[in-house]
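Just add 2 to the spot in the sequence shown (first one is 1) and you have our numbering. Positions of the beta carbon are idealized from the N, C-alpha and C atoms, including for glycine. Structure record follows, encoded as structure tokens.
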Amino acid sequence: MVTASGPEELSEHLGADAVVDVLEGPDYNVAPLGRLPIAWEAAEDGRRLLGTARWGLVPRWAKEASFGERTFNARMETVATKPSYRSAFRRRRCLVPVDGYYEWSPGMRPVKGVKQPWYVSRTDGNLMVLAGLWEDWIDPEDAREEAALLRTCTVITVEASAEMAAVHHRMPRSE
Numbered sequence: 003m004v005t006a007s008g009p010e011e012l013s014e015h016l017g018a019d020a021v022v023d024v025l026e027g028p029d030y031n032v033a034p035l036g037r038l039p040i041a042w043e044a045a046e047d048g049r050r051l052l053g054t055a056r057w058g059l060v061p062r063w064a065k066e067a068s069f070g071e072r073t074f075n076a077r078m079e080t081v082a083t084k085p086s087y088r089s090a091f092r093r094r095r096c097l098v099p100v101d102g103y104y105e106w107s108p109g110m111r112p113v114k115g116v117k118q119p120w121y122v123s124r125t126d127g128n129l130m131v132l133a134g135l136w137e138d139w140i141d142p143e144d145a146r147e148e149a150a151l152l153r154t155c156t157v158i159t160v161e162a163s164a165e166m167a168a169v170h171h172r173m174p175r176s177e
């Protein structure tokens, strides 16, 4: 993922009522387990908040944060039924604003084991707003009363459009 836009631009684009956390600066190659900006609705008052989350959803019941290494994308077809995503799908949906993302594919002249990165962004240069889920996780092994909370997220994917199918069979669900 590419996150080059600043908090002011993100907040304005998403209509955020408050900014609770920001990225340290642009990142032109956010990999899974990196931090992404997200916007969500506060449960207590319905305000739209803008913050960040670690990319790779860790359900509340997970024993280790490493669970998120395999949950950075969630298939739309199964997101409501898979245990890893079910609760977040019902209660904790979010928007993931990015400037673009990379997809890796064999390229036009495939060479075994070699993939080419393709950068995907909007043709008008505006932000892409991806559908996502978020979850707060606290390490069950951390006995401290104020154990560190880890906010995590996943990006929802769908079957690729005709334009994207040549690059990858899946793509993020976006506005």
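Cβ of residue i within 8 angstroms of any chain D Cβ
{"i": "residue 63", "result": "Judged by its chain identifiers, the structure shown contains no chain D, having just a single protein chain."}
Close-in-space but distant-in-sequence residues of the same chain around residue i (CB under 6 angstroms, 5 per side omitted)
{"i": "residue 153", "result": "55 and 138"}
{"i": "residue 73", "result": "58, 59, 86 and 156"}
{"i": "residue 123", "result": "102"}
With 16 other Cβ atoms within 10 Å as the buried cut-off, status of residue i
{"i": "residue 68", "result": "exposed"}
{"i": "residue 45", "result": "exposed"}
{"i": "residue 150", "result": "exposed"}
{"i": "residue 164", "result": "exposed"}
{"i": "residue 111", "result": "exposed"}
{"i": "residue 81", "result": "buried"}
Secondary structure of residue i, DSSP reduced to three states
{"i": "residue 90", "result": "helix"}
{"i": "residue 152", "result": "strand"}
{"i": "residue 16", "result": "helix"}
Contacts around residue i, its chain only, beta-carbon distance under 7 angstroms, and the 5 residues preceding and following it disregarded
{"i": "residue 107", "result": "117, 118, 120, 169 and 170"}
Own chain, CB closer than 8 angstroms to residue i, minus 5 neighbours either side, in chain order
{"i": "residue 71", "result": "34, 35 and 58"}
{"i": "residue 94", "result": "42, 135, 136 and 137"}
{"i": "residue 18", "result": "12, 41, 50, 51 and 52"}
{"i": "residue 16", "result": "41, 50, 52, 97, 99 and 131"}
{"i": "residue 159", "result": "75, 76, 77, 78, 172, 173, 174 and 175"}
Opposing strand residues paired with residue i [DSSP bridges]
{"i": "residue 29", "result": "5"}
Exercise. Is the segment 92-112 close to the segment 3-10, with three or more CB pairs under 8 angstroms?
Worked result: The segment 92-112, when compared against the segment 3-10, does touch it at the 8 angstroms Cβ threshold.
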